[in-house]
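The structure appears right after this line, and notes come after that.
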Amino acid sequence: MEWPGFTAVKEEKMHIPDGYLGPATCGIFYAVMLPIWTIASKIVQKTLKAKQVPILAIGAAFSFVIMMFNVPIPGGSTGHAVGGVLVAILLGPWAACIAITVALVVQALLFGDGGITAIGANCFNMAFVLPFVGYYIYKAISYNASVDSNRRVFAAGVAGYIGINVAALLAGVEFGLQPLLHHTATGQALYCPYGLNIAVPAMAGEHLLIFGWVEAIVTALVVKYLQKQSPELIEEREVA
Amino acid sequence: MKLINKLWVGMGILVLISPLGLLLPERFKAGDAWGEWGTDGIKELVGYIPQGLEKLSSLWSAPIPDYAFKGWEEKGLGSLSFAYIVSAIVGILVTVCIVALVGRLLIKKE
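Same order as they appear, the protein sequences are chains A and B. For what it's worth, this note's numbering labels the leading residue of the first sequence as 1, then goes sequentially. For what it's worth, this note's numbering labels the leading residue of the second sequence as 1, then goes sequentially.
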């Protein structure tokens, strides 16, 4: 089946490239991310201990490499997990925001994966919304659960699934708004040519069906592993 | 073995099998236009090249575009897999260095 929406969104996955978002959208997301990055730095400065930095580094590296694992939908599109909900569960959402931002900036600058004009938007979706949504869902479901409880594994899976799906939905909306915001007098789009009716179902659909489950499984499996290997990482603590 | 070392071993395994992220989409004919997505492709899809997209899409020229070495586009999957692994290593090293730097700037020694 060749559905234009799927083909169109196929290459960009969750990393919005240069040229798909207009200058206004790019600017707005940089402007939104600036205070978020500032707050994240301040909170991490207060809460993160020096001995946690290696875990933060490995979290960022994990997020970087897991995004290279493109999972195919046969004959259709590819996508990947982000690993961001996992980092949020282990170090808190603000630290995760910094870790994923670093991974996304490296991907954009060195590998052209995601545009440099879209770093603000990509960070909003994957480094802000994804870890925060995932973190609070995990917190809610694992409330009062013991460190070795299976409820934590379940909570991690659900958090991963919902976190990446909300991020994908946002990316779809950002793509889909472009033809409304920017077009020529004759109606030709200037940037992403696909509207909400195509971009949102394409982005949301494939993450609901496939990539959300990849994020869920990755998140749940690592939490399960760490419950045995390093319960202190899973323990409840007041990291902002 | 310390946990952090175990995690790095796991990361090493991920790096070694990372070409799966390149080979599986190839095998299942998904993302067959990998790295070739450009203004030509979009013209085929919608019948024209959005003007702003055309301008912005060539704004940045990444040193290792799409995790492949420049000029290697026509090489076989073996070479591309090798480039993919090298990209993963480079990316991880740079990421870790930046986080370490950020950590050093933000966090005072205890």
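The beta carbon of each residue, even a glycine, is placed where N, CA and C say it ideally should be.
C-beta neighbour in chain A for residue i, strict 8 Å
| i | result |
| --- | --- |
| residue 83 of chain B | no |
| residue 11 of chain B | yes |
| residue 69 of chain B | no |
| residue 21 of chain B | yes |
| residue 86 of chain B | no |
| residue 79 of chain B | no |
CA-to-CA distance, residue j to residue i, given in whole angstroms
| i | j | result |
| --- | --- | --- |
| residue 104 of chain B | residue 45 of chain A | 10 Å |
| residue 253 of chain A | residue 94 of chain B | What the structure shows of chain A is the stretch from 1 to 240, and residue 253 of chain A is not part of that stretch, so it cannot be assessed. |
| residue 232 of chain A | residue 3 of chain B | 11 Å |
| residue 41 of chain A | residue 29 of chain A | 18 Å |
Coil, strand or helix - residue i by DSSP
| i | result |
| --- | --- |
| residue 19 of chain B | coil |
| residue 189 of chain A | strand |
| residue 79 of chain A | strand |
| residue 147 of chain A | coil |
| residue 249 of chain A | Limits of chain A in this structure are 1 at one end and 240 at the other, which puts residue 249 of chain A out of reach. |
| residue 63 of chain B | coil |
| residue 72 of chain A | strand |
| residue 15 of chain A | coil |
| residue 28 of chain B | coil |
| residue 1 of chain B | coil |
| residue 174 of chain A | helix |
| residue 202 of chain A | helix |
| residue 108 of chain B | coil |
Endpoints, alpha helix (DSSP H) assigned at residue i
| i | result |
| --- | --- |
| residue 75 of chain B | Per DSSP, residue 75 of chain B belongs to no alpha helix (DSSP H) and is neither H nor E. |
| residue 125 of chain A | Where residue 125 of chain A is concerned, there is no enclosing alpha helix (DSSP H), given that its DSSP letter is neither H nor E. |
| residue 33 of chain A | 23-47 |
| residue 63 of chain A | 53-66 |
Cβ of residue i within 8 Å of any chain B Cβ
| i | result |
| --- | --- |
| residue 149 of chain A | no |
| residue 185 of chain A | no |
| residue 191 of chain A | yes |
| residue 146 of chain A | no |
| residue 30 of chain A | no |
| residue 182 of chain A | yes |
Closest Cα partner of residue i within the set the options
| i | options | result |
| --- | --- | --- |
| residue 50 of chain B | A/68, A/127, A/162, A/192 | A/192 |
| residue 102 of chain B | A/167, A/60, A/145, A/21 | A/60 |
| residue 184 of chain A | B/48, B/81, B/98 | B/48 |
| residue 31 of chain A | A/152, A/92, A/119 | A/119 |
| residue 147 of chain A | A/235, A/21, A/25 | A/235 |
| residue 21 of chain A | A/54, A/73, A/88, A/174 | A/174 |
| residue 211 of chain A | A/16, A/27, A/55, A/77 | A/77 |
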